[in-house]
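Okay, so here's the structure we're looking at.
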Amino acid sequence: MNTPLSISELLSYRMHRVANAISRSAAARYRREFDVSLGEWRTLALLGEDSPLTLNRLAGRAGLDKAQMSRVVAKLDERGLLDRESGAGRSTRLSLSRKGKTVYQGLIDAANERNDAFLACLTEQERAALDSALDKLGKLAKALESQQPS
Numbered sequence: 006m007n008t009p010l011s012i013s014e015l016l017s018y019r020m021h022r023v024a025n026a027i028s029r030s031a032a033a034r035y036r037r038e039f040d041v042s043l044g045e046w047r048t049l050a051l052l053g054e055d056s057p058l059t060l061n062r063l064a065g066r067a068g069l070d071k072a073q074m075s076r077v078v079a080k081l082d083e084r085g086l087l088d089r090e091s092g093a094g095r096s097t098r099l100s101l102s103r104k105g106k107t108v109y110q111g112l113i114d115a116a117n118e119r120n121d122a123f124l125a126c127l128t129e130q131e132r133a134a135l136d137s138a139l140d141k142l143g144k145l146a147k148a149l150e151s152q153q154p155s
């Protein structure tokens with residue numbers, strides 16, 4: 006029988022630690038340079054990539070519940086970074102305002118710069134292996150999640 010791994014040796018724990026470190030350094034930069042939180046950055050990025058979106062759809066894409074997303078949207082709206090448009094029924098469609106698009110462009114440029122810096126420490130083979138491994142792990146994680154009782 007194999008000896009159980011300690012928490013610091015578990016794949017999920019190690020990935021979580023790396024992801025958190027990457028997110029913390031991103032959050033510090035985005036706060037300093039653009040005065041946005043990580044949640045606000047992700048919201049701006051999602052709307053910059055595909056809009057308009059309803060609050061529910063935006064929350065789903067961000068992996069947040071509707072209440073959390075509502076608070077993020079309210080802060081961005083207060084700062085004039087969003088446009089709201091009435092949709093079908095009671096829904097509101099959200100998109101970036103002109104000011105939001107300017108902030109988004111700076112943020113996405115900074116994010117791509119950070120992405121390039123992280124990938125620079127890997128060889129082409131390591132990048133390809135990482136992409137493949139992340140795809141496989143993501144698919145397995147979704148499959149395992151779908152098997153769990155609600």
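At position 27 of the sequence shown the residue is numbered 32 (the working numbering), and the sequence of numbers has no breaks.
We put the CB at the ideal spot given by N, CA and C, even for glycine.
None of these values were measured; they are calculated from a predicted model.
Closer than 6 Å to a non-hydrogen atom of the ligand SAM - does that hold for the CB of residue i?
i: GLY53; result: Ligands are entirely absent from the displayed structure, and the ligand SAM is therefore not among its contents.
Just the C-alpha distance for residue i and residue j, rounded to the nearest angstrom, thanks.
i: ASP140; j: GLU14; result: 21 Å
i: ASN151; j: LEU87; result: Reading off the sequence, residue 151 comes out as Ser, not Asn. When rounded, the distance between both Cα atoms is 34 Å.
i: ALA26; j: ALA32; result: 10 Å
i: ALA133; j: TYR109; result: 28 Å
i: ASP70; j: ILE12; result: 28 Å
i: ASP136; j: TYR18; result: 19 Å
i: VAL41; j: GLU90; result: 23 Å
i: ARG95; j: GLY143; result: 35 Å
i: GLU45; j: LEU81; result: 7 Å
i: ARG119; j: PRO154; result: 38 Å
i: ARG76; j: GLY65; result: 15 Å
i: GLU131; j: ALA138; result: 10 Å
Quick check on residue i: does DSSP put it in helix, strand or coil?
i: LEU10; result: coil
i: SER75; result: helix
i: SER151; result: helix
i: ARG89; result: strand
i: ARG95; result: coil
i: SER30; result: helix
i: LEU52; result: helix
i: LEU15; result: coil
i: LEU69; result: coil
Residue i and residue j look like a contact to me (Cβ under 8 Å); what is the Cβ gap, rounded to whole Å?
i: LEU49; j: LEU112; result: 6 Å
i: THR107; j: THR59; result: 24 Å between Cβ atoms; not a contact.
i: ALA67; j: LEU51; result: 6 Å
i: LEU101; j: SER30; result: Between SER30 and LEU101 the Cβ distance is about 25 Å, and since that is not below 8 Å, they are no contact.
Assign residue i to buried or exposed, taking buried as 16 or more other Cβ atoms, counted over all protein chains shown, within 10 Å of its Cβ.
i: LEU124; result: exposed
i: ARG37; result: exposed
i: LEU16; result: exposed
i: ARG22; result: exposed
i: MET74; result: buried
i: GLY105; result: buried
i: ARG47; result: buried
i: LEU10; result: exposed
Checklist entry - Whole beta strand (DSSP E) runs in the stretch 117 to 142 with 3 or more residues, listed along the chain? => result none
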